[in-house]
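Numbering (our numbering), first residue to last: 47 to 99.
Below, the structure written as structure tokens:
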């Protein structure tokens with residue numbers, strides 16, 4: 047991670063989604079597991095990981 051990144055928490059439907067802003071590439075990067083959790087309406091991290099596997 048370079049010095050030009052910003053770690054952030056975003057919200058989607060009142061659920062936390064971890065994100066990082068990469069200033070060098072001018073892009074947001076989001077946690078795949080957090081997105082899967084929101085889309086499957088799953089609160090259990092282990093169940094989300096198993097779904098992703």
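Even for Gly, the Cβ is constructed at its ideal location relative to N, Cα and C.
- Bounds of the beta strand (DSSP E) holding residue 51 are 51-58.
- Each of 70, 99, 53 and 68 was checked against the Cα of residue 62, and the nearest Cα belongs to 53.
- Taking the CA atoms as reference points, residue 59 sits about 28 Å from residue 50.
- In the three-state reduction of the DSSP assignment, residue 93 falls in the helix class.
- Judged by DSSP in its simplified three-state form, residue 68 adopts strand.
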